[in-house]
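Here the sequence shown is numbered in our numbering, starting from 25 and rising by one per residue. We put the beta carbon where it would ideally sit given N, CA and C, even for glycine. So the structure is just underneath, and the comments pick up after that.
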Amino acid sequence: MSHRLGYPPALPTPVMQPTSIGAMSNTPTIAFLGPRGTFTEQAALEFLRAGQVPGVPASSVGTDPESAATLEPRTSPAEALGALREGQADYAVIALESSVDGPVAQAEDALVTGDRVQILAELLVPIRFAIGVRAGEAERLQGSGAAAVGAEAPVFSTHPVAEAQVRGWVAENLPEVQFSPAPSNAAAAQAVAEGRADICAAPLRALEIYGLEAIATDVADVAEAFTRFALVSRPVPPAPRTGHDRTGVAFTAQHDRPGSLIYALQQLSLRGVNLTRISSRPTRELLGTYVFHIEMIGHIEDSAVAAALQGLQRESSWIRYLGSWPLATAPRGVDEEHLVKILGNVTSETPDEGPSERWLADMMNPAEDHRA
Numbered sequence: 025m026s027h028r029l030g031y032p033p034a035l036p037t038p039v040m041q042p043t044s045i046g047a048m049s050n051t052p053t054i055a056f057l058g059p060r061g062t063f064t065e066q067a068a069l070e071f072l073r074a075g076q077v078p079g080v081p082a083s084s085v086g087t088d089p090e091s092a093a094t095l096e097p098r099t100s101p102a103e104a105l106g107a108l109r110e111g112q113a114d115y116a117v118i119a120l121e122s123s124v125d126g127p128v129a130q131a132e133d134a135l136v137t138g139d140r141v142q143i144l145a146e147l148l149v150p151i152r153f154a155i156g157v158r159a160g161e162a163e164r165l166q167g168s169g170a171a172a173v174g175a176e177a178p179v180f181s182t183h184p185v186a187e188a189q190v191r192g193w194v195a196e197n198l199p200e201v202q203f204s205p206a207p208s209n210a211a212a213a214q215a216v217a218e219g220r221a222d223i224c225a226a227p228l229r230a231l232e233i234y235g236l237e238a239i240a241t242d243v244a245d246v247a248e249a250f251t252r253f254a255l256v257s258r259p260v261p262p263a264p265r266t267g268h269d270r271t272g273v274a275f276t277a278q279h280d281r282p283g284s285l286i287y288a289l290q291q292l293s294l295r296g297v298n299l300t301r302i303s304s305r306p307t308r309e310l311l312g313t314y315v316f317h318i319e320m321i322g323h324i325e326d327s328a329v330a331a332a333l334q335g336l337q338r339e340s341s342w343i344r345y346l347g348s349w350p351l352a353t354a355p356r357g358v359d360e361e362h363l364v365k366i367l368g369n370v371t372s373e374t375p376d377e378g379p380s381e382r383w384l385a386d387m388m389n390p391a392e393d394h395r396a
């Protein structure tokens with residue numbers, strides 16, 4: 025690996041407080057994947073409602089979270105994190121993982137390209153799509169099926185991750201459309217409103233914003249689909265330990281050493297730390313070399329997690345700490361027990377290494393007779 029990505033320490037280092045215009049006016053600026061109406065904007069509003077944005081308590085948000093912060097749309101996760109890194113925003117909200125389509129590759133790349141940023145919190149957003157068309161176009165686009173000879177197929181647009189989540193419904197109900205990817209679901213709704221596409225899959229709020237007619241709602245091939253979003257800041261001390269936490273790291277293995285990935289991951293398993301996710305992205309520097317993104321249960325202040333991170337740092341050629349933050353709870357309107365049935369139950373406990381550390385300290389300083 026070259027030094028383009030930098031070699032930050034395994035442990036987080038405090039930096040200065042946010043310095044954007046929003047920070048100076050006591051109203052934080054939050055960058056998100058836009059335009060207005062995306063699920064990412066919805067997640068940003070939920071972070072505000074939950075009081076998870078530093079300096080904005082839930083009690084001050086009330087029923088109008090949009091007034092509690094300045095929401096700045098960007099065209100990609102990279103641009104949203106770029107605004108954060110450059111001081112144009114105090115925070116950014118990005119999608120991390122879909123329960124249907126897996127990790128969001130653009131977000132993973134953006135997290136490791138450029139200066140280090142840090143995840144402060146996560147939340148789950150239920151994903152349901154509305155199928156939108158321009159007013160008065162529903163009957164034509166939902167016709168009997170066979171397109172007129174020589175006529176162009178209607179253009180269906182949405183984000184590629186969303187397309188994977190409604191592909192079955194579209195094949196059954198709109199079999200003749202041609203897919204045109206959009207940078208976001210709301211951008212697809214905007215494209216329909218502007219005549220650059222005919223049909224979109226987007227949040228219902230996006231259809232309302234852009235004046236579209238819904239020909240179907242609550243569309244999803246997987247009925248219980250969720251996307252996990254993250255609230256990101258510039259590096260600060262980690263969120264306080266809650267006992268129900270998650271820690272994220274990105275690293276590259278020593279690719280010229282046989283078994284290097286196994287040795288790296290053993291730093292977790294040997295300490296009883298639960299690995300909950302692993303994915304890989306190419307380094308874009310050398311064919312066959314990858315940045316591995318992993319998440320584990322526990323907080324950097326947990327002794328087992330701290331020891332695992334130190335071991336991982338020794339076994340890696342490059343490593344970036346992405347933060348420790350509280351595990352997401354069930355979204356509004358979703359029962360916690362039902363969510364466990366859908367997504368599975370991830371234990372939030374990490375081993376307590378305190379007794380073994382105290383034993384070792386006693387052996388190094390035998391002031392008392394422990395008869396052991």
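Requested in this report: Look at the alpha carbon of Leu198 and the alpha carbon of Gln166, and state the distance between them as a whole number of angstroms.
Outcome: If I take the Cα positions, the gap works out to 7 angstroms.
Query raised in the report: Taking just the CA atoms, how far does Gly58 sit from Gly283?
Result: Gly283 and Gly58: Cα-Cα distance of roughly 42 angstroms.
Query raised in the report: Count the other CB atoms within 10 Å of the CB of Leu445; is the residue buried (16 or more) or exposed (fewer)?
Result: Here the chain has residues from 25 to 396 only, and residue 445 is not among them.
Query raised in the report: Between Pro89 and the rest of its own chain, which residues show a CB-CB distance below 6 angstroms, the 5 nearest in sequence each way excluded?
Result: Closer than 6 angstroms at the Cβ level, and outside the excluded window around Pro89, lie Leu69, Leu72, Arg73.
Query raised in the report: Thinking C-alpha only, which one of Ala226, His323, Ser123 is nearest Leu346?
Result: The shortest C-alpha separation from Leu346 is found at His323.
**Report entry** Environment of Glu65 [buried if 16+ CB atoms lie within 10 Å]
**Finding:** Flag for Glu65 reads buried.
Query raised in the report: What number of angstroms, rounded off, separates the C-alpha of Val157 from the C-alpha of Arg301?
Result: Rounded to whole angstroms, Val157 and Arg301 show a C-alpha spacing of 38 angstroms.
Query raised in the report: What residue from Ile239, Ala134, Gly296 has the CA that sits closest to Pro329's CA?
Result: This sequence places Val at residue 329; Pro is not what is there. It is Gly296.
Query raised in the report: Using the C-alpha atoms, what's the distance from Ala55 back to Ala107?
Result: The straight-line gap from Cα to Cα measures roughly 7 angstroms.
Query - Helix, strand or coil at Ile286 [DSSP, three-state] - result: Judged by DSSP in its simplified three-state form, Ile286 adopts helix.
Query raised in the report: Does the distance from the C-beta atom of Ala93 to that of Thr51 stay below 8 angstroms?
Result: One thing to note: Ala93 has its Cβ within 8 angstroms of the Cβ of Thr51.
Query raised in the report: If you run the structure through DSSP and keep just helix, strand and coil, what is Leu108?
Result: DSSP places Leu108 in helix when its eight states are reduced to three.
Query raised in the report: Any idea what DSSP makes of Val350, helix, strand or coil?
Result: The sequence as given places Pro at residue 350; Val does not occur at that position. Strand.
Report task. Can you give me the start and stop residues for the alpha helix (DSSP H) that Ser84 sits inside? Result -> Looking at the DSSP string, the run of the alpha helix (DSSP H) that includes Ser84 is 82-85.
Query - Sequence-distant residues of its chain with Cβ nearer than 7 angstroms to Trp349 (five each side left out) - result: Excluding sequence neighbours, Trp349 sits near Ile143, Leu144, Ala145, Glu146, Ala263, Asp269, Arg270.
Query raised in the report: Hey, how far is the Cα of Val117 from the Cα of Val256?
Result: Inter-residue distance for Val117 and Val256 is about 6 angstroms (C-alpha atoms, whole angstroms).
Query raised in the report: Span of the beta strand (DSSP E) holding Ile54?
Result: Run containing Ile54: 53-57, per the beta strand (DSSP E) assignment.
Query raised in the report: When the Cα of Gln290 is compared with those of Thr266, Glu325, Leu333, Gly126, which residue comes out closest?
Result: Of Thr266, Glu325, Leu333, Gly126, the residue nearest in Cα terms is Leu333.
Query raised in the report: Who are Tyr20's beta bridge partners in DSSP?
Result: As displayed, the chain neither begins before 25 nor continues past 396, which places residue 20 out of reach and without an answer.
Query - Inter-residue spacing [alpha-carbon to alpha-carbon] between Arg259 and Ala134 - result: Rather than Arg, the amino acid found at residue 259 in this sequence is Pro. One C-alpha to the other measures close to 15 angstroms.
Query raised in the report: So, Ile223 versus Arg60, is the Cβ gap smaller than 8 angstroms?
Result: The criterion of a C-beta distance shorter than 8 angstroms is not satisfied by Ile223 and Arg60.
Query raised in the report: In terms of alpha-carbon separation, which member of Ser303, Arg265, Gln337 lies closest to Leu292?
Result: Out of Ser303, Arg265, Gln337, Gln337 has the C-alpha closest to the C-alpha of Leu292.
Query raised in the report: So is Thr37 buried or exposed if we call it buried at 16+ other beta carbons inside 10 Å?
Result: Because Thr37 sits at a pLDDT of 35, beneath the cut-off of 50, its placement in the model cannot be relied upon, and the following sentence gives the value as read from the coordinates. Under this definition Thr37 is an exposed residue.
Report task. Below 8 angstroms on the Cβ atoms is my guess for Val190 versus Val201; work out the distance and round it to an integer in Å. Result -> Actually they do not touch by this definition, with Cβ atoms about 11 angstroms apart.
Query raised in the report: Secondary structure at Gly335, three-state DSSP: helix, strand or coil?
Result: In the structure shown, Gly335 sits in a helix (DSSP, three-state: H, G or I).
Requested in this report: May I have the straight-line CA-CA distance separating Thr313 from Ala186, to the nearest angstrom?
Outcome: Thr313 and Ala186 have their C-alpha atoms some 29 angstroms from each other.
Query - For Gly235 and Arg305, the rounded distance between their alpha carbons - result: Rounded to whole angstroms, Arg305 to Gly235 spans 38 angstroms at the Cα level.
Query raised in the report: What does a CB cutoff of less than 7 angstroms around Ile239 pick up in its chain, not counting 5 residues either side in sequence?
Result: Within the same chain, Ile239 has close Cβ partners Ile155, Val157, Ala162, Gln166.
Query raised in the report: Helix, strand or coil for Glu163 per DSSP?
Result: In this structure, Glu163 counts as helix in the three-state DSSP scheme.
Query raised in the report: Based on Cα-Cα distance, which residue from Glu121, Ala188, Ala247 lies nearest to Arg152?
Result: Looking from the CA of Arg152, the closest CA among Glu121, Ala188, Ala247 belongs to Ala247.
Query - From Glu176, Ser341, Val243, Ala188, residue whose alpha carbon lies closest to that of Ala221 - result: Among Glu176, Ser341, Val243, Ala188, the Cα nearest to that of Ala221 is on Glu176.
Query raised in the report: Apart from the five residues just before and just after Gln76, which ones in its own chain have a Cβ nearer than 8 angstroms to its Cβ?
Result: The answer, listed in chain order, is Leu144, Ala145, Leu147, Leu255.
Query raised in the report: Given Glu319, which residues of its chain have a CB within under 6 angstroms of its CB, disregarding the five upstream and five downstream residues?
Result: Correct list, in chain order: Arg270, Gly272, Thr300, Arg301.
Query raised in the report: Looking at the unbroken alpha helix (DSSP H) that takes in Pro184, where does it start and where does it end?
Result: 184-197 is the extent of the alpha helix (DSSP H) around Pro184.
**Report entry** Same chain only: Cβ atoms within 8 angstroms of Pro127, ignoring 5 sequence neighbours per side
**Finding:** Contacts found: Leu120, Glu121, Arg301, Ser303, His317.
Report task. May I ask which residues mark the beginning and end of the alpha helix (DSSP H) holding Leu135? Result -> Run containing Leu135: 129-136, per the alpha helix (DSSP H) assignment.
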